Amino acid sequence: MANTPQAKKRIRRNTARAEINGARISRIRSFIKKVESACEAGDKDAAAVALKAAQPEMARGVARGVLHKNTVARKLSRLTRRVATL
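Using this note's numbering, read the sequence shown as starting at 8 and increasing by one per residue.
Shown next, in the form of structure tokens:
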């Protein structure tokens with residue numbers, strides 16, 4: 008258990024940030040799933056629109072420190088390739 012006031016505050020802050028970051032990751036996953044479901048359905052226009060919406064969300068995740076930049080770059084590359092091959 009935390010003894011110092013600073014350590015207690017860090018525990019409170021960490022739980023609050025974990026909740027926010029979890030919501031952010033969940034939101035990004037939802038955008039990715041929209042692209043993937045459109046690809047599976049074979050709808051190129053819907054997939055392209057979903058990808059265009061997912062890109063800034065994923066970039067925002069990198070900027071906020073929720074996701075690693077290489078992870079996002081890899082996922083974007085793969086999604087873009089999937090949409091292009093439709």
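In this text, a Cβ means the ideal position worked out from N, Cα and C, and glycines have one as well.
Just so you know, these numbers come straight off a predicted model, no measurement behind them.
- Pairing ALA48 with LEU93, the inter-Cα distance amounts to about 10 angstroms.
- With respect to GLY72, VAL79 sits apart: the two C-beta atoms are not nearer than 8 angstroms.
- ILE18 is classed as exposed because its beta carbon has fewer than 16 other beta carbons within 10 Å across all chains shown.
- In this structure, the alpha-carbon of LYS76 lies about 9 angstroms from that of ALA70.
- In the structure shown, the three-state DSSP call for ARG71 is coil.
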